[in-house]
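Visitor: Below is one structure. I have some questions about it.
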Amino acid sequence: MWEYTDKVKKYFTEPVNVGEIDNPDGVGEVGSLACGDALKLTFKMGEDGRIADAKFQTFGCASAIASSSVLTELIKGKTLEEAAKLTNKDIADFLGGLPKEKMHCSVMGEEALRAAIADFRGEKVQEHDEGEVVCQCFGVTDKEIERVAKANDLHTVEEITNYTKAGGGCESCHEDIQQILDRIWAEEGAKPKIEVKPPTQRKLTNIQKMKLIEETLEREVRPALKADGGDIELIDIDGDKVLVSLRGTCSSCAASQATLSQFVQTKLREFVTEDLVVEEVKP
Amino acid sequence: MSQRVIYLDNNATSQVAPEVVAAMLPFFGEKYGNPSSMHTFGGLVAQHVEQARAKMAELLGADPGELIFTSCGTESDNTAIHAALMSHPDKRHVVTTRVEHPAVLNFCQDLARRGYEVTFLPVDRQGRLDMEKVENAIREDTAIVSVMWANNETGVVFPVEEIARLAKAKGAVFHTDAVQAVGKLPINLKDTAIDMLSLSGHKLHAPKGVGVLYVRKGTRFVPYIKGGHQEHGRRAGTENVPYIVGIGKAAELAAANMQEENSKVRRLRDKLEDGLLAMEATMVNGDREQRLPNTCSVSFEYVEGESILLGLSDLGVCASSGSACTSGSLEPSHVLRAMGVPFTAAHGSIRFSLSVYNTEDEIDFVLEHMPPIIERLRAISPFWAKAKKEGLLAAACQPPGYVEP
Ligand SMILES: Cc1ncc(COP(=O)(O)O)c(C=O)c1O
Numbered sequence: 219m220w221e222y223t224d225k226v227k228k229y230f231t232e233p234v235n236v237g238e239i240d241n242p243d244g245v246g247e248v249g250s251l252a253c254g255d256a257l258k259l260t261f262k263m264g265e266d267g268r269i270a271d272a273k274f275q276t277f278g279c280a281s282a283i284a285s286s287s288v289l290t291e292l293i294k295g296k297t298l299e300e301a302a303k304l305t306n307k308d309i310a311d312f313l314g315g316l317p318k319e320k321m322h323c324s325v326m327g328e329e330a331l332r333a334a335i336a337d338f339r340g341e342k343v344q345e346h347d348e349g350e351v352v353c354q355c356f357g358v359t360d361k362e363i364e365r366v367a368k369a370n371d372l373h374t375v376e377e378i379t380n381y382t383k384a385g386g387g388c389e390s391c392h393e394d395i396q397q398i399l400d401r402i403w404a405e406e407g408a409k410p411k412i413e414v415k416p417p418t419q420r421k422l423t424n425i426q427k428m429k430l431i432e433e434t435l436e437r438e439v440r441p442a443l444k445a446d447g448g449d450i451e452l453i454d455i456d457g458d459k460v461l462v463s464l465r466g467t468c469s470s471c472a473a474s475q476a477t478l479s480q481f482v483q484t485k486l487r488e489f490v491t492e493d494l495v496v497e498e499v500k501p
Numbered sequence: 111m112s113q114r115v116i117y118l119d120n121n122a123t124s125q126v127a128p129e130v131v132a133a134m135l136p137f138f139g140e141k142y143g144n145p146s147s148m149h150t151f152g153g154l155v156a157q158h159v160e161q162a163r164a165k166m167a168e169l170l171g172a173d174p175g176e177l178i179f180t181s182c183g184t185e186s187d188n189t190a191i192h193a194a195l196m197s198h199p200d201k202r203h204v205v206t207t208r209v210e211h212p213a214v215l216n217f218c219q220d221l222a223r224r225g226y227e228v229t230f231l232p233v234d235r236q237g238r239l240d241m242e243k244v245e246n247a248i249r250e251d252t253a254i255v256s257v258m259w260a261n262n263e264t265g266v267v268f269p270v271e272e273i274a275r276l277a278k279a280k281g282a283v284f285h286t287d288a289v290q291a292v293g294k295l296p297i298n299l300k301d302t303a304i305d306m307l308s309l310s311g312h313k314l315h316a317p318k319g320v321g322v323l324y325v326r327k328g329t330r331f332v333p334y335i336k337g338g339h340q341e342h343g344r345r346a347g348t349e350n351v352p353y354i355v356g357i358g359k360a361a362e363l364a365a366a367n368m369q370e371e372n373s374k375v376r377r378l379r380d381k382l383e384d385g386l387l388a389m390e391a392t393m394v395n396g397d398r399e400q401r402l403p404n405t406c407s408v409s410f411e412y413v414e415g416e417s418i419l420l421g422l423s424d425l426g427v428c429a430s431s432g433s434a435c436t437s438g439s440l441e442p443s444h445v446l447r448a449m450g451v452p453f454t455a456a457h458g459s460i461r462f463s464l465s466v467y468n469t470e471d472e473i474d475f476v477l478e479h480m481p482p483i484i485e486r487l488r489a490i491s492p493f494w495a496k497a498k499k500e501g502l503l504a505a506a507c508q509p510p511g512y513v514e515p
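Protein sequences, first through last, are from chains S and E. Under this note's numbering, read the first sequence as residues 219 to 501, first letter to last. Under this note's numbering, read the second sequence as residues 111 to 515, first letter to last.
Quick look at the structure:
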């Protein structure tokens, strides 16, 4: 179960401003059924130049519904200039925070608002014609990723997924997202905090690691050594250090030693984890 | 949590039967010996472990010597596949399905990354396998075919006995993840060609953290966890005696009551399902014929599953969803996607899974409170009014028996 604040729960169970305004001055529609959440925001301007009324319709989880409802509350009474300054952070803060995997719900709110304001001003809705779609699964563009990353100080692919959903489907765009991040933070003179690991790099338990090391030596390493009349024995595993002893012709041939432990290390890194270091112990 | 709880999430985990708790208690107390010890104090405990094994064997129609106690269903699954691969090093192909539990699916995906070839069999719109595809997938170099007996999300039952025969004919080991089937379907392994079977205690009114792996006599086996000689050298580690006694008791209860329980559970499930289907734009996910008696996966179109679950949870009703928002991923469950359930429905899927502890009263309560929850969410949804206007509903509901072209 997600850890929702009481405010999120309240705005989910008793959302305010549900519905659609007749003859609205601005309409913003974002998301889709396929994506799993969608929001339609409508508002009406008052004669004083302020937003007189705002309503929403949302398909999505509890945090999406709560974020949408709060959005309508936040923009009512504001001038368009004031409303245009609202960000997803304001929505999340008003709710007392959202689980990090749910931040995209607040971003959806901000986007609907931007779309509705653009609609009112008679501008074309941007998003899709501006920028290139990076994440095909959720239709997220590079411009959007860039904007959200900068606004929320996001440095990893995982954070981008939490905020925009980009990269949350087939994952094939992770590298592209990383490149965007590298570029914008290099431009900003900052370095990304953490490198994302490729999806295949799971954290292994000690038992899994031991097993994989044993299996890899058995399958990938030993046959190759045996072909040259040598052999290898696993002595111990100490954290990421793999201690092996080399037997047979290999052990007497000092010249090949360096390349040999290099070979073992390469294989283990390929099939087990990147962090392993192979050391040879003399029998 | 003073509110009453209506627990309809038994495929996630089940209540430990009071009889099981009672049977376990002495082994947390005075009977704490190690079954491997030479003294009588430990030896007496060993007898209880063997009694539990015999009871489980009885439920499965197996020989007690064919059962290995493990720490969970996942360990049983991993062990089975690992054993088949390690004992047939020349065979580097694996057959499984796209709808397996992660305990099998992730293990196999990992194999694929490590150079094994894995065939993930598709399912049709009703969650069924195409037997011709199954047969064609099994090859000479197939080390193991692993197909679940019953699906945890939809309850759809696969013809594993038939698949086991196909595997045997081609010299492949056959393993089935029967975690959701044991205790819900009659099983008699003696009459089948199944080589290995996994089960888990906590789906069977025993505690979490204990499982069983059945390995047919004569099947080549390599232990996954190596160490001491426990379980005849097939699974190292001092036996989790209280839990093993518990799963034995649960097996005894299941064997004695399965038929009667199932007819009761099936009736309640059908009542629940029929009641839910009476609501607009709802549909069942999965083949309604070949299905566990306790499971019902229903989609409520144009609403999102997590919101439904929260609405239910506020009323003390526990269920699950295959929607993206509940899984921590951003896409609906791999099972519903493999079945090609349309997005309109996949995001709004709710799984109810019953047990013998459920009452008619509880089902009535859910049927009374579900419509307002769905109506409220549909009133908020931007798609509902539109769909009603444009009559999109019928298009999304495929007729029964519909097969993806
Ligand atoms: C079909 C299936 N297989 C395996 C498992 C895993 O069992 P356990 O939780 O005991 O590891 C489950 C339970 O979640 C399951 O439903």
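We put the beta carbon where it would ideally sit given N, CA and C, even for glycine. Please read all numbers here as calculations on a predicted model, not as lab measurements.
Tell me which residue opens and which closes the alpha helix (DSSP H) that Thr491 of chain S is part of.
Guide: Unbroken run through Thr491 of chain S: none, as it is neither H nor E.
Visitor: Does any residue of chain S have a CB that is nearer than 8 Å to the CB of Tyr142 of chain E?
Guide: So, not an interface residue.
Visitor: Of all the CB atoms in chain E, is at least one closer than 8 Å to the CB of Phe230 of chain S?
Guide: Output row for Phe230 of chain S: interface = yes.
Visitor: Is the Cβ-Cβ distance between Ile248 of chain E and Ala277 of chain E less than 8 Å?
Guide: A contact, by the Cβ cut-off of 8 Å.
Visitor: Quick check: what's the CA-CA separation for Ile335 of chain S versus Leu298 of chain S?
Guide: So the alpha carbons of these two residues sit roughly 7 Å apart.
Visitor: At the 8 Å Cβ level, is Ile254 of chain E part of the contact set with chain S, yes or no?
Guide: So no, Ile254 of chain E is outside the interface.
Visitor: Which chain E residues sit within Cβ distance under 7 Å of Leu452 of chain S?
Guide: The contacting residues do not exist; Leu452 of chain S stays about 13 Å from chain E at best.
Visitor: Would you mind reading off the limits of the alpha helix (DSSP H) that contains Ala333 of chain S?
Guide: Ala333 of chain S -> alpha helix (DSSP H) spans Met321 to Phe338.
Visitor: Since Gly444 of chain E is in the alpha helix (DSSP H), which residue starts that stretch and which ends it?
Guide: As written in the sequence, residue 444 of chain E is His, which differs from the Gly given in the question. It spans His444 to Ala448 - the alpha helix (DSSP H) in which His444 of chain E sits, taken as one unbroken run.
Visitor: For Leu363 of chain E, I'd like the list of residues in its chain whose CB is within less than 8 Å of its CB, leaving aside the five on either flank, ordered along the chain.
Guide: Hits under 8 Å: Ala127, Glu129, Val130 and His315.
Visitor: Considering only residues of the region 223 to 267 of chain E, which uninterrupted alpha helix (DSSP H) runs meet the minimum length of 4 residues and lie entirely inside it, listed in chain order?
Guide: Fully enclosed alpha helix (DSSP H) runs of 4 or longer: 241 to 247.
Visitor: Whose Cβ in chain S lies nearer than 7 Å to the Cβ of Arg224 of chain E?
Guide: Within chain S, the residues near Arg224 of chain E are Phe489.
Visitor: Between the alpha carbons of Asp173 of chain E and Arg326 of chain E, how many angstroms are there, rounded?
Guide: Distance between the alpha carbons of Asp173 of chain E and Arg326 of chain E is about 8 Å.
Visitor: Near Ser469 of chain S, what residues of its chain come up, given a Cβ to Cβ distance below 7 Å and the 5 sequence neighbours on each side ignored?
Guide: Residue placement at Ser469 of chain S is poorly supported in this model, since its pLDDT is 44, which falls under 50; the coordinates still yield a value, given next. Within the same chain, Ser469 of chain S has no close Cβ partners at all.
Visitor: Assuming Pro403 of chain E contacts Arg376 of chain E (C-beta within less than 8 Å), just tell me the rounded distance between them.
Guide: That pair is a contact at about 4 Å.
Visitor: Give the straight-line distance between the Cα atoms of Cys353 of chain S and Val445 of chain E, rounded to the nearest whole angstrom.
Guide: Near 23 Å, if we compare the C-alpha coordinates of Val445 of chain E and Cys353 of chain S.
Visitor: Show which residues of chain S have a CB atom less than 7 Å away from the CB atom of Ala193 of chain E.
Guide: By Cβ distance, chain S contributes nothing, its closest Cβ being about 12 Å from Ala193 of chain E, past 7 Å.
Visitor: Per DSSP, which residues does Val394 of chain E bridge with? Please list them.
Guide: In the DSSP output, where bridge partners are listed per residue, Val394 of chain E has E:Val408.
Visitor: If you count every other CB in all the chains shown that lies within 10 Å of the CB of Phe138 of chain E, and 16 or more means buried, which is it?
Guide: The residue in question, Phe138 of chain E, is exposed, as its Cβ has fewer than 16 Cβ neighbours within 10 Å.
Visitor: Rounded to whole angstroms, what's the CA-CA distance from Ala164 of chain E to His158 of chain E? Just pull it up for me.
Guide: Using only the alpha carbons, I get a separation of about 10 Å.
Visitor: What's the call for Lys485 of chain S, buried or exposed, on a 16-neighbour Cβ count within 10 Å?
Guide: Lys485 of chain S is buried by the Cβ-count criterion.
Visitor: Excluding the five sequence neighbours on either side, which residues of its own chain have a C-beta within less than 7 Å of the C-beta of Gln113 of chain E, listed in chain order?
Guide: Closer than 7 Å at the Cβ level, and outside the excluded window around Gln113 of chain E, lie Gly426.
Visitor: How would you list, in chain order, the residues of chain E whose beta-carbon sits under 7 Å from the beta-carbon of Ala280 of chain S?
Guide: Chain E residues near Ala280 of chain S: Glu416, Ser417 and Leu420.
Visitor: Output needed for Ser147 of chain E: all residues of its chain with C-beta closer than 6 Å, excluding positions within five of it in sequence on either side, in chain order.
Guide: Closer than 6 Å at the Cβ level, and outside the excluded window around Ser147 of chain E, lies no residue.
Visitor: Using a Cβ-Cβ cutoff of 7 Å, what residues of the region 449 to 465 of chain E are near chain S? List them in chain order.
Guide: Those residues of the region 449 to 465 of chain E that come within reach of chain S (Cβ to Cβ, closer than 7 Å) are Phe453, Thr454 and His457.
Visitor: Does at least one heavy atom of ligand 1 sit under 7 Å from the Cβ of Ser256 of chain E?
Guide: Every heavy atom of ligand 1 is 7 Å or more from the Cβ of Ser256 of chain E, so no.
Visitor: In the DSSP assignment, find the beta strand (DSSP E) that holds Asp255 of chain S and state where it starts and stops.
Guide: Taken as a continuous stretch (DSSP letters only), the beta strand (DSSP E) holding Asp255 of chain S covers Asp255 to Met263.
Visitor: If we count the other Cβ atoms within 10 Å of its Cβ and call it buried at 16 or more, is Met321 of chain S buried or exposed?
Guide: Buried, because 16 or more other Cβ atoms sit within 10 Å of the Cβ of Met321 of chain S.
Visitor: Going straight from the alpha carbon of Arg486 of chain E to that of Ala282 of chain E, what length do you get?
Guide: Going from the Cα of Arg486 of chain E to the Cα of Ala282 of chain E covers about 53 Å.
Visitor: What is the DSSP secondary structure of Arg114 of chain E, reduced to helix, strand or coil?
Guide: Coil at Arg114 of chain E, not helix or strand.
Visitor: Check the Cβ-Cβ distances between Phe493 of chain E and every residue of chain S, and say whether any is below 8 Å.
Guide: With 8 Å as the cut-off, Phe493 of chain E counts as an interface residue toward chain S.
Visitor: Would Ser433 of chain E pass as an interface residue toward chain S - the criterion being a Cβ-Cβ separation below 8 Å?
Guide: Ser433 of chain E counts as touching chain S.
Visitor: Can you tell me which of the three DSSP states Thr382 of chain S falls into?
Guide: Looking at Thr382 of chain S - three-state DSSP - the assignment turns out to be helix.
Visitor: On the DSSP bridge assignment, give the partners of His203 of chain E in chain order.
Guide: His203 of chain E is bridged to E:Glu227 and E:Thr252.
Visitor: Quick check on this structure: which residue in E:Ser433, E:Ala489, E:Leu378 and E:Thr302 has the alpha carbon closest to the alpha carbon of Asn468 of chain E?
Guide: Considering only alpha carbons, the answer is E:Leu378.
Visitor: Given the structure, does Asp220 of chain E come close to ligand 1, in the sense that its CB is under 7 Å from one of the ligand's heavy atoms?
Guide: No, since every heavy atom of ligand 1 falls outside the 7 Å radius drawn around the Cβ of Asp220 of chain E.
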